[in-house]
Amino acid sequence: MSLEIIYQDEWLVAVNKPSGWLVHRSWLDRDEKVVVMQTVRDQIGQHVFTAHRLDRPTSGVLLMGLSSEAGRLLAQQFEQHQIQKRYHAIVRGWLQAEGELDYALTEELDKIGDKYSRADKAPQPAVTHYRGLAVAEMPVSVGRYSSARYSLVEMLPKTGRKHQLRRHMAHLRHPIIGDSKHGDLRQNRAAATHFGCDRLMLHASELSLAHPVTGEPLTLRARFDATWMQALSHFGWRGILPMNEDLEFNAPDVQDELNQPDT
Numbered sequence: 002m003s004l005e006i007i008y009q010d011e012w013l014v015a016v017n018k019p020s021g022w023l024v025h026r027s028w029l030d031r032d033e034k035v036v037v038m039q040t041v042r043d044q045i046g047q048h049v050f051t052a053h054r055l056d057r058p059t060s061g062v063l064l065m066g067l068s069s070e071a072g073r074l075l076a077q078q079f080e081q082h083q084i085q086k087r088y089h090a091i092v093r094g095w096l097q098a099e100g101e102l103d104y105a106l107t108e109e110l111d112k113i114g115d116k117y118s119r120a121d122k123a124p125q126p127a128v129t130h131y132r133g134l135a136v137a138e139m140p141v142s143v144g145r146y147s148s149a150r151y152s153l154v155e156m157l158p159k160t161g162r163k164h165q166l167r168r169h170m171a172h173l174r175h176p177i178i179g180d181s182k183h184g185d186l187r188q189n190r191a192a193a194t195h196f197g198c199d200r201l202m203l204h205a206s207e208l209s210l211a212h213p214v215t216g217e218p219l220t221l222r223a224r225f226d227a228t229w230m231q232a233l234s235h236f237g238w239r240g241i242l243p244m245n246e247d248l249e250f251n252a253p254d255v256q257d258e259l260n261q262p263d264t
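Numbering-wise (this note's numbering), the sequence shown opens with residue 2 and increments by one.
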């Protein structure tokens, strides 16, 4: 399988990372054969160097250097918060406000990968700007509620803590749909069953930066995949984010699907 290349020049390459793909090999997932870095290397015929990461279930813009120096310069920009990152998510409930959440996060440690890390580190500053873009109420019973409410949200993280957006949305009581660790399991099951949202609905939509070599402004956008496009159609949100929508997607008949009996 080849990946969608968003941008490429003699120094950089950016791809639209699919959900479920690892960025690079890890000893925690030794048997995993689907890895972005190796796929891109084989696809373009040259080595690539990571500058940042996306969590495995997160889709969207992934930017890499085509030399170790380009990768280093990009990583430096990420570390110094000189790159603006824009994400979109589908969350539980109606979030119609705009605000900035300044909520420090205690580092999440993996039992195996971080077993030698300190467990008593102080919470780290974490800031996320968020904005509700659209809401929907669907005739699907979840728990004690006769309907299910969802929101389309835009997020601009000002810091880069582990699972920051997932944890911040959960703190606001609007967990991201498909988040198995910080989310609402009943809502996750309902969204997967009725609307095809069978994974984390978090997408890295856009990166804005100064090119690390030329200094020219660069904006990179990643289109939504079929899962996202189907959800936008179900919730009546097509056209809200035209720069990220896949124009080739054919929308399903939402009413017909909702009227199908559960299996």
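All C-beta atoms in this analysis are idealised placements derived from N, C-alpha and C, irrespective of residue type, glycine included.
Whose CA, out of the options, lies closest to the CA of residue i?
{"i": "E249", "options": "L242, G237, D226", "result": "D226"}
{"i": "T129", "options": "E101, S152, V154, S148", "result": "E101"}
{"i": "Q44", "options": "G133, I6, A193", "result": "I6"}
{"i": "P176", "options": "V154, R162, G197, A15", "result": "V154"}
{"i": "W95", "options": "M244, M65, R150, E80", "result": "R150"}
{"i": "R1", "options": "A223, T215, A232, L242", "result": "Residue 1 falls outside the range modelled here, since the chain spans only 2 to 264, and no answer is possible."}
{"i": "L63", "options": "F196, K163, L221, S69", "result": "L221"}
{"i": "H212", "options": "L4, S3, Y8", "result": "Y8"}
{"i": "G179", "options": "S148, T228, R239", "result": "T228"}
{"i": "M2", "options": "K34, R26, A15", "result": "K34"}
{"i": "A90", "options": "P218, E207, L219, S69", "result": "E207"}
{"i": "R26", "options": "V16, A15, Q39, V14", "result": "Q39"}
{"i": "Q97", "options": "S147, P124, K182, V136", "result": "V136"}
{"i": "L242", "options": "H204, M65, E138", "result": "H204"}
{"i": "S148", "options": "V16, H195, A127", "result": "H195"}
{"i": "P283", "options": "R239, H48, V49, K163", "result": "This structure cannot settle anything about residue 283, because the visible part of the chain is limited to 2 through 264."}
{"i": "M230", "options": "V37, D247, G216, E80", "result": "D247"}
{"i": "E99", "options": "M156, R190, E80", "result": "M156"}
Do you know how far the Cα of residue j is from the Cα of residue i?
{"i": "A71", "j": "Q188", "result": "42 Å"}
{"i": "R93", "j": "P58", "result": "18 Å"}
{"i": "R168", "j": "L55", "result": "15 Å"}
{"i": "G161", "j": "S209", "result": "15 Å"}
{"i": "A158", "j": "M170", "result": "Residue 158 is actually Pro in this sequence, not Ala. The straight-line gap from Cα to Cα measures roughly 12 Å."}
{"i": "G21", "j": "S60", "result": "8 Å"}
{"i": "K18", "j": "K122", "result": "32 Å"}
{"i": "E11", "j": "A192", "result": "42 Å"}
{"i": "M244", "j": "R224", "result": "7 Å"}
{"i": "V41", "j": "T51", "result": "11 Å"}
{"i": "V214", "j": "V24", "result": "24 Å"}
{"i": "E109", "j": "S152", "result": "26 Å"}
{"i": "G184", "j": "R132", "result": "19 Å"}
{"i": "H172", "j": "H235", "result": "26 Å"}
{"i": "G237", "j": "E138", "result": "10 Å"}
{"i": "Q47", "j": "Y146", "result": "53 Å"}
{"i": "H53", "j": "V16", "result": "13 Å"}
{"i": "Q165", "j": "H82", "result": "15 Å"}
{"i": "L13", "j": "L134", "result": "32 Å"}
{"i": "N251", "j": "S181", "result": "29 Å"}
{"i": "L218", "j": "G197", "result": "First, the residue type needs correcting, since residue 218 is Pro and not Leu in the sequence shown. The alpha-carbon atoms of P218 and G197 are separated by roughly 37 Å."}
DSSP state of residue i, grouped into three classes?
{"i": "R167", "result": "helix"}
{"i": "G114", "result": "Residue placement at G114 is flagged as unreliable, the pLDDT there being 48, under the threshold of 50; the coordinate-derived value follows with that caveat. Of the three classes helix, strand and coil, the one that applies to G114 here is coil, per DSSP."}
{"i": "L153", "result": "strand"}
{"i": "Q286", "result": "It is not possible to answer for residue 286, since the shown part of the chain is limited to 2 through 264."}
{"i": "Q9", "result": "strand"}
{"i": "V62", "result": "strand"}
{"i": "Q125", "result": "strand"}
{"i": "E101", "result": "strand"}
{"i": "A137", "result": "strand"}
{"i": "S148", "result": "coil"}
{"i": "N245", "result": "helix"}
{"i": "H183", "result": "coil"}
{"i": "H82", "result": "coil"}
{"i": "A52", "result": "coil"}
{"i": "D257", "result": "Low per-residue confidence applies at D257: pLDDT is 47, beneath 50, and the placement is therefore not dependable, though the value from the model is reported in the following sentence. If DSSP states are grouped into helix, strand and coil, D257 belongs with the helices."}
{"i": "S20", "result": "coil"}
{"i": "S206", "result": "strand"}
{"i": "H130", "result": "strand"}
Since residue i is in the alpha helix (DSSP H), which residue starts that stretch and which ends it?
{"i": "N189", "result": "186 to 196"}
{"i": "T40", "result": "37 to 45"}
{"i": "S142", "result": "Run containing S142: none; DSSP gives neither H nor E here."}
{"i": "A90", "result": "No alpha helix (DSSP H) holds A90; the beta strand (DSSP E) holding it covers 85 to 93."}
{"i": "T228", "result": "227 to 235"}
In the DSSP assignment, find the beta strand (DSSP E) that holds residue i and state where it starts and stops.
{"i": "S3", "result": "That residue, S3, is in no beta strand (DSSP E); it is neither H nor E in DSSP."}
{"i": "T220", "result": "218 to 222"}
For the structure I just gave you, are there three or more beta carbon pairs, one from the stretch 97 to 112 and one from the stretch 69 to 79, closer than 8 Å?
Taking a contact to require three or more Cβ pairs closer than 8 Å, the stretch 97 to 112 and the stretch 69 to 79 do not qualify as touching.
How do the stretch 84 to 92 and the stretch 140 to 150 stand: do at least 3 beta-carbon pairs fall below 8 Å, yes or no?
Touching, no.
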